[in-house]
Amino acid sequence: MRNRLFFPLMALIAVAMVALALNWPEGEAGRGVATTPADAPPAAPAG
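Quick look at the structure:
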């Protein structure tokens, strides 16, 4: 395969993998990208 085709293709695949990793949920019941800190359970009071 020519370098002129190979390296842009590899760069495109790498960018696609990073985008997929940023949007993939964290496990079966893990939190996804839509989870906000407001959804977290309240912390125990300090003291």
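Just so you know, we're using our numbering here: the sequence shown kicks off at 1290 and counts up by one. Quick reminder that beta carbons are idealized off the backbone N, C-alpha and C, glycines included.
**Prompt:** Residues in its own chain within less than 7 Å of Ala1305 by CB, not counting five upstream and five downstream?
**Reply:** none
**Message:** Using only the alpha-carbon positions, how far apart do Ala1333 and Asn1292 sit?
**Reply:** 57 Å
**Asked** Taking the alpha-carbon positions, what's the Phe1295 to Ala1308 distance?
**Response** 20 Å
**Asked** Could you give the distance in angstroms between the alpha-carbon of Asn1312 and the alpha-carbon of Met1299?
**Response** 20 Å
**Asked** Between which two residues does the alpha helix (DSSP H) carrying Ala1308 extend?
**Response** Asn1292 to Asn1312
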